[in-house]
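**Student:** Submitted below is the structure of interest, expressed as structure tokens.
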Amino acid sequence: MQERGERTSIDSSLRSGGGGAVRLRVRLLGAAEVILDGRRLREFNSPRLQRFLAMIALRREPHERSRLAFVLWPESSERQAHTNLRKLIHEFRRALPGVEDFIEIEKKTVRWLPTAPSEVDVLSFRDAIASGDFEQASRLYHGDLLPSCYDDWVLQEREELRAEALGVHRRLAKAAAERDDHRAAIRHAEAVNDLDAADEAAIRILMQAHLALGDRAAALRAYQRYADTLRRELAIEPGEDLVALCDVFRGDPSDRDRPRVSDQDVPPFVGRDQEWRAVLEAWRTSRAGRAHLALLTGVPGIGKSRLAQELGRQAQSGGHEVATARAYEAAGRLPWGPVVDLLRSAGIQQRIRAVGQVWTAELTRLLPELGSAIGQPPNGVARRHRLFDAVCQAIAVHDKAQVLIIDDLQWCDTETIELIGYLLRAYPQTPVLIVGTVRWEELPDRHPLPGLVDALERDQAVTVITIDALDQASTAALAAELQSVEEIDPGLADRLWSETEGNPLFVVETIQAGISSAGAQGVLTPTMRSVLRARLGQLTNGAQNLAEVAAIFGRSFSAHAIVTAMGVGEQAIADQLDELWRRRIVIERGQGYDFSHDKLREVALEMINPARRRRLHRVVANALVREHREDPTAVSAQLAAHYDQAGMVEQAIAAYRTAGARAVAMSGLDEAVAMYRRALALLAELQASPDRDAIELDIRIALGSPLVAIKGYGAESSHRLYERAQSICRKLGVPIAPPILRGLGLARLQGCRFDASSDFAKALIDHESGDQVAGTEGRYLMGVSAFWQGDLGKSHRFLEAAIEHYDTARREEHLALYAQDPRAVCLVRLGLSTLWSGDPARAEAMARSARELADELDHLMTSAYVITYGAILAAVAGDFIRLEDILTHADRVWSRLSERYLRVVLDALRAWLDVRAGSDAGIGKILQSVERSRIEGENLHLSFTLLLLAMARGLRDELHEGRAATRDALAWSERCNQRYLVAELLRVDGELAYGLGETDHALSSLRQAVDVSRTQGAQWLRLKALHSLALRFPDPEVQAELAALADQLPSGQDLPAFRAATAFLRGTG
1 MQERGERTSI DSSLRSGGGG AVRLRVRLLG AAEVILDGRR LREFNSPRLQ
51 RFLAMIALRR EPHERSRLAF VLWPESSERQ AHTNLRKLIH EFRRALPGVE
101 DFIEIEKKTV RWLPTAPSEV DVLSFRDAIA SGDFEQASRL YHGDLLPSCY
151 DDWVLQEREE LRAEALGVHR RLAKAAAERD DHRAAIRHAE AVNDLDAADE
201 AAIRILMQAH LALGDRAAAL RAYQRYADTL RRELAIEPGE DLVALCDVFR
251 GDPSDRDRPR VSDQDVPPFV GRDQEWRAVL EAWRTSRAGR AHLALLTGVP
301 GIGKSRLAQE LGRQAQSGGH EVATARAYEA AGRLPWGPVV DLLRSAGIQQ
351 RIRAVGQVWT AELTRLLPEL GSAIGQPPNG VARRHRLFDA VCQAIAVHDK
401 AQVLIIDDLQ WCDTETIELI GYLLRAYPQT PVLIVGTVRW EELPDRHPLP
451 GLVDALERDQ AVTVITIDAL DQASTAALAA ELQSVEEIDP GLADRLWSET
501 EGNPLFVVET IQAGISSAGA QGVLTPTMRS VLRARLGQLT NGAQNLAEVA
551 AIFGRSFSAH AIVTAMGVGE QAIADQLDEL WRRRIVIERG QGYDFSHDKL
601 REVALEMINP ARRRRLHRVV ANALVREHRE DPTAVSAQLA AHYDQAGMVE
651 QAIAAYRTAG ARAVAMSGLD EAVAMYRRAL ALLAELQASP DRDAIELDIR
701 IALGSPLVAI KGYGAESSHR LYERAQSICR KLGVPIAPPI LRGLGLARLQ
751 GCRFDASSDF AKALIDHESG DQVAGTEGRY LMGVSAFWQG DLGKSHRFLE
801 AAIEHYDTAR REEHLALYAQ DPRAVCLVRL GLSTLWSGDP ARAEAMARSA
851 RELADELDHL MTSAYVITYG AILAAVAGDF IRLEDILTHA DRVWSRLSER
901 YLRVVLDALR AWLDVRAGSD AGIGKILQSV ERSRIEGENL HLSFTLLLLA
951 MARGLRDELH EGRAATRDAL AWSERCNQRY LVAELLRVDG ELAYGLGETD
1001 HALSSLRQAV DVSRTQGAQW LRLKALHSLA LRFPDPEVQA ELAALADQLP
1051 SGQDLPAFRA ATAFLRGTG
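Its first residue numbered 1, the sequence shown is counted upward by one per residue in full-length UniProt numbering.
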């Protein structure tokens, strides 16, 4: 049984299927989550799908369809339950791409495939218990099964799983307490209390573990919580035994502040399985009667001493003697220093009395307190060997295995190193293990240790164990142990790994410094700084100079770049690089070099005085220019930073502008904004002049494209940008540049000020420059302004003209200055007006062409725009399969973007589909989108999100709330003359009013919907409005108008709205 959870854990517990990579991960404990090929499937936010998934995934046996139908719909008729199940399975197939790879769906049964490349946390949890890997089971149990579901069968399964988890933690808590693993005992006892707050055995283990760690206050707090729980929930007092134990803990008041030896000062021991096995093997060799040296190597803070300490603790717990010593750099390699410390350990001191007078007399040369030396010592080698033998006698006289630990052998004197070799070779059958820690990179020249290791390797009397940094998982595990939690937040784990790169000392220091996942400031504690300064301080002058230049370059650098920057011969640089490599300051990475830890670079920078640092930045910038003379734009961001740090303001501004343009071209929007903003900040340092203003104007125009891609045109920062640019144009006496006009126009459009946006569109079309790019953008702006006002004809004309006017050869100019490709954008917007006009198939073809063009361009802002309006088109057409496909594609696009303003529409649409699927959470998400659309200046999609809210309320029979949403939207549309959606809003309002029995209101709204749509030429909305009116208030004239319109529409016969209308007509014919 693997109660201790050794890391040789079973792979089988990690997946429900056979070998191969896991593609599908299903989490049902604590929360419901489905991840396929690394992507979270939002479709499974639906409670209905979650319940079905849980039911089939909790067991590997086939499930009878009849039983599934009964359990999921216990109050429905058998026929209805089977119908519901068929619909649900159909929905499930669409929600899980490649469903057949994971689930076998037959006519009578449904089964989770046991050989599928999938992982279900419940199955893995139970597998771990069955295999005896209780630690793994405890890690897999994240909480209750489907905590938001209260179906009877879920409640039963939930209680069974809780009981199994309770048993696991009880077992682990007891086992940890028995082996004195107090931290593990606390962790598992607390887990028991979370599952069963009245478990007395667990609270006893918890209190005793806290006390063993010297934390009496925590033990008493645990007791008090337990007692309060018993009184509050069961109206009883704790048992007499526990009360007595608590009194013992309180103890004598005079004893409470007495210092105690505590494991709290010892960092947790994690992530060293391979190294631990190696040192245990060396210990077994010594216990078998073979003297042995275990040499632990690695950089400072990596865990050499901690590994030696852990072995010492285990040896002591087994009744073996352990003595420790260390060498000190400041001691100037004092002869015999560590040996004297070992001889003065309690165990060896007792043995010295048994070695006889002759050997004791020899030892007085090292330990004067033993008495006076007898006679004159022999000279030379004989004297040395006699002293070696005396020390060895004191150690070897003990026939029980022992461990001698010597830290920092690199600073040991020659005598100590020679004594180690003498003991191991002259007394090879002594059961002693010498554990030494060493930093090879700090070994002085001609130090005897390498020669000793070579000799011992021939005798197989040495084990060299190299200790490297922890991996990311072990780093997180160490942090969790330090914080006494099961696991740390993933964001904190990522940041901790970035800060420490797996150095255990740095992990401890960083956790103690209070690092959080949200912070951006790097952590560099005094201890970390001291360790790193000491390493850098040991370098020769030449190597230290090279380290400084390398730190200025950044983490990665090439030897050629260093040669160029330092102006020193290649051989000298090679020697200095070799020193840095030997001391593990730098490592090889690819074709160049890199600092072995970013903190080393940070401290190296700190050690350079400001004046020298500025000069080095200038030197490095010049070196980069020479090295990349063929394409300096590739390193423009680095050049900008170096010029900036060197105080070369004008060169820095130019480089930041180049870097910003390059970032825009590569869709690095955030980086581009940062580059341009820094250029503007530096520009403020220059003396005011027309030339300075002209440069600022150019930078602001260039900044507009990435900024609006992130924030949107309606954002305050975007508005300020373009207003300032406009004022500079007036100050300089030049025409307002087209990108500024379009930016200001779209800002008005985003705030639903359509007359103003149309004025800016006209200014673009008539711009005195006659620029074709400006004309295209102006026609686009005019076309979309007309659409929002419900003028479909005008919208159609200008969008078509924009496409005709577009010059493909100037595409890059559009992308750089206007943030999107007008052909793709105008195509999808033309599709929207075409749908409104009554041709869904042609509209869909246009949207599809727009998406294909956006995909071909691989331009994120264009793709985001096309996806958003393609989704609106699919939603209004009622093509829900198409809409789901678009939203899935949107997830892939948005994974390459941070939060962007256009997401408000997609989030609302996704939530609306959730409501249609029966989700209770969808309404809240739509309300969030509505509130985001109310932000001043960003109201363009307020009426659409309110429409979705009204329809969602209607689906849930929340008719009053639905009408409140339509009235709100209609009032907004009237106030700002945004009339494109008025007909549909009136139709939905009429349907809701009819459902409430308010027939007069219903009739009025539906008639208005027909009139508005007829006036606008919005034939698709007119079809829906006529159908609703004819259905609710039968009228031959209305039915005739509906029939005539259905015959006129060129497409859409396969869509739900058209099918419903024609079915109605057939039923009344």
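We treat Cβ as the ideally placed atom computed from N, Cα and C, and that holds for glycine. Predicted, not measured: the structure shown is a model, and the values here were computed from it.
I think L707 touches V673, with their Cβ atoms under 8 angstroms apart; what is that distance to the nearest whole Å?
**Tutor:** Translated into the one-based positions of the sequence shown, residue 707 becomes position 707. Translated into the one-based positions of the sequence shown, residue 673 becomes position 673. Between V673 and L707 the Cβ distance is about 6 angstroms, and since that is below 8 angstroms, they are a contact.
**Student:** Under 8 angstroms, Cβ to Cβ, is there at least one residue of chain C near L443?
**Tutor:** No chain C appears in the structure shown, which is made up of a single protein chain.
**Student:** Check this for me: beta carbons of W153 and V71, under 8 angstroms apart or not?
**Tutor:** Locating residue 153 in the sequence shown gives position 153, counting from the first residue. Locating residue 71 in the sequence shown gives position 71, counting from the first residue. Their beta carbons are under 8 angstroms apart, which means W153 touches V71 by this criterion.
**Student:** Quick one: Cα of R987 to Cα of A864, how far?
**Tutor:** As a working note, residue 987 is residue 987 in the sequence shown. As a working note, residue 864 is residue 864 in the sequence shown. Roughly 30 angstroms separates the two Cα atoms.
**Student:** Note down, in chain order, each residue of its chain lying with its Cβ closer than 7 angstroms to the Cβ of I348, except the 5 sequence neighbours on either side.
**Tutor:** Within the sequence shown, numbered from 1, the residue matching residue 348 stands at position 348. Cβ within range, chain order: A323, L342, A394, I395.
**Student:** Inspect the beta-carbon positions of R495 and I515 and report whether they are closer than 8 angstroms.
**Tutor:** Within the sequence shown, numbered from 1, the residue matching residue 495 stands at position 495. Within the sequence shown, numbered from 1, the residue matching residue 515 stands at position 515. Contact flag set, yes.
**Student:** Please tell me whether F787 and R829 are closer than 8 angstroms, where the distance is taken between their beta carbons.
**Tutor:** As a working note, residue 787 is residue 787 in the sequence shown. As a working note, residue 829 is residue 829 in the sequence shown. Cβ distance < 8 angstroms, so F787 and R829 count as in contact.
**Student:** Any heavy atom of the ligand FAD closer than 7 angstroms to the Cβ of A824?
**Tutor:** Of ligands this structure carries none, so the ligand FAD is not represented either.
**Student:** Write down the C-beta distance between H1027 and A1061 rounded to the nearest angstrom, noting that I regard them as a contact closer than 8 angstroms.
**Tutor:** As a first step, residue 1027 must be located in the sequence shown, where it is residue number 1027. As a first step, residue 1061 must be located in the sequence shown, where it is residue number 1061. The pair is a contact, with the Cβ atoms about 4 angstroms apart (cut-off 8 angstroms).
**Student:** Are there 16 or more other CB atoms within 10 angstroms of the CB of Q978, so buried, or fewer, so exposed?
**Tutor:** Residue mapping note: residue 978 aligns to position 978 of the sequence shown, counting from 1. It counts as buried.
**Student:** Classify F269 as helix, strand or coil using the three-state DSSP reduction.
**Tutor:** Here residue 269 refers to the residue found at position 269 of the sequence shown. Looking at F269 - three-state DSSP - the assignment turns out to be coil, as it is neither helix nor strand.
**Student:** Write down every uninterrupted run of the alpha helix (DSSP H) in the segment 415 to 464 whose length is 4 residues or greater and which is fully enclosed by it, in chain order.
**Tutor:** The segment 415 to 464 contains these whole alpha helix (DSSP H) runs: 449 to 458.
**Student:** Roughly how many angstroms lie between the CA atoms of G312 and H320, to the nearest whole one?
**Tutor:** For the purposes of this step, residue 312 is identified with residue 312 of the sequence shown, where counting begins at 1. For the purposes of this step, residue 320 is identified with residue 320 of the sequence shown, where counting begins at 1. The straight-line gap from Cα to Cα measures roughly 9 angstroms.
**Student:** Please state if the CB of L433 and the CB of A308 are separated by a distance shorter than 8 angstroms.
**Tutor:** Counting from one through the sequence shown, the residue named residue 308 turns up at place 308. Counting from one through the sequence shown, the residue named residue 433 turns up at place 433. For A308 and L433, no; Cβs fall outside 8 angstroms.
**Student:** For a quick check, are the C-beta atoms of D914 and G922 less than 8 angstroms apart?
**Tutor:** Within the sequence shown, numbered from 1, the residue matching residue 914 stands at position 914. Within the sequence shown, numbered from 1, the residue matching residue 922 stands at position 922. Yes, these two residues count as a Cβ contact at 8 angstroms.
**Student:** Going by alpha carbons, who is nearest to V192 out of L206, G98, D181?
**Tutor:** Numbered from 1 along the sequence shown, position 192 holds the residue referred to as residue 192. Taking only the C-alpha atoms, the option nearest V192 is L206.
**Student:** On the DSSP letters alone, give me the boundaries of the alpha helix (DSSP H) that L832 sits inside.
**Tutor:** Taking the sequence shown and counting its residues from 1, one reaches residue 832 at position 832. Element bounds for L832: 822 to 837.
**Student:** Judging by CA-CA distance, which residue of L669, D644, S689 is the nearest neighbour of R678?
**Tutor:** Indexing the sequence shown from 1 puts residue 678 at position 678. It is D644.
**Student:** Taking its Cβ as the centre, do 16 or more other Cβ atoms sit within 10 Å of R601, making it buried, or is it exposed?
**Tutor:** As a working note, residue 601 is residue 601 in the sequence shown. Classification of R601: buried, given that the 10 Å Cβ count is 16 or more.
**Student:** What is the DSSP secondary structure of I35, reduced to helix, strand or coil?
**Tutor:** The residue labelled residue 35 in the question sits at position 35 within the sequence shown. Look at I35 here: in three-state DSSP terms it is strand.
**Student:** Beta carbon of S785, beta carbon of S757: below 8 angstroms?
**Tutor:** Along the sequence shown, one-based indexing puts residue 785 at 785. Along the sequence shown, one-based indexing puts residue 757 at 757. Yes.
**Student:** Taking Cβ to Cβ, would you say L363 is nearer than 8 angstroms to R344?
**Tutor:** For the purposes of this step, residue 363 is taken as the residue at position 363 of the sequence shown. For the purposes of this step, residue 344 is taken as the residue at position 344 of the sequence shown. Not in contact: L363 and R344 (Cβ atoms no closer than 8 angstroms).
**Student:** Under the rule that 16 or more other beta-carbon atoms within 10 Å means buried, what is A646, buried or exposed?
**Tutor:** Along the sequence shown, read from residue 1 onward, the residue named residue 646 stands at position 646. Counting Cβ neighbours within 10 Å, A646 comes out buried, since at least 16 surround it.
**Student:** Go through its chain and collect everything with a Cβ distance to L799's Cβ below 6 angstroms, but skip five positions before and after it.
**Tutor:** In the sequence shown, residue 799 corresponds to position 799, counting from 1. Contacts found: G783, C826, R829, L830.
**Student:** Mapping the DSSP letters down to three states, classify I56 as helix, strand or coil.
**Tutor:** One-based indexing of the sequence shown puts residue 56 at position 56. Residue state, collapsed to three classes: helix.
**Student:** In the segment 636 to 666, which residue ranges form an unbroken alpha helix (DSSP H) of at least 4 residues, counting only runs that do not cross its ends?
**Tutor:** 636 to 646, 649 to 665
**Student:** For A163, tell me which candidate among A952, A476, F125 has the shortest Cα-Cα distance.
**Tutor:** To locate residue 163, count along the sequence shown from 1; it is residue 163. Nearest of A952, A476, F125 to A163, Cα basis: F125.
**Student:** Once the 5 residues before and after A219 are set aside, which same chain residues still bring their CB inside 7 angstroms of it?
**Tutor:** The count along the sequence shown starts at 1 and reaches residue 219 at position 219. Cβ within range, chain order: M207, H210, L211, F249.
**Student:** Does the Cβ of Y150 have 16 or more other Cβ atoms within 10 Å, making it buried, or fewer, making it exposed?
**Tutor:** Taking the sequence shown and counting its residues from 1, the one referred to as residue 150 is at position 150. Flag for Y150 reads exposed.
**Student:** Cutting at 8 angstroms between CB atoms, please list the residues of its own chain near R614, excluding the five before and the five after it.
**Tutor:** Reading the sequence shown from its first residue, position 614 is the one you call residue 614. Once the five neighbours on either side are set aside, the close Cβ partners of R614 are Q645, A646, G647.
**Student:** What are the residues that DSSP puts in a beta bridge with Q402?
**Tutor:** As a working note, residue 402 is residue 402 in the sequence shown. Answer by DSSP bridge pairing, in chain order: E321, V432.
**Student:** Check the DSSP bridge columns for L296 and list the partner residues they point to.
**Tutor:** Here residue 296 refers to the residue found at position 296 when the sequence shown is read from its first residue. BP columns for L296 point to T437, I465.
**Student:** Indicate the three-state DSSP secondary structure (helix, strand or coil) for L145 in the structure shown.
**Tutor:** For the purposes of this step, residue 145 is identified with residue 145 of the sequence shown, where counting begins at 1. Note: L145 maps to strand in three-state DSSP.
**Student:** Three or more C-beta pairs under 8 angstroms: does that hold for the segment 569 to 589 against the segment 543 to 553?
**Tutor:** yes
**Student:** Quick one: is E984 buried, meaning 16 or more other Cβ sit within 10 Å of its Cβ, or exposed?
**Tutor:** Here residue 984 refers to the residue found at position 984 of the sequence shown. Buried: at least 16 other Cβ atoms inside 10 Å.
**Student:** Does the separation of the CB atoms of S1004 and Y818 fall below 8 angstroms?
**Tutor:** Working through the sequence shown from its first residue, we reach residue 1004 at position 1004. Working through the sequence shown from its first residue, we reach residue 818 at position 818. For S1004 and Y818, no; Cβs fall outside 8 angstroms.
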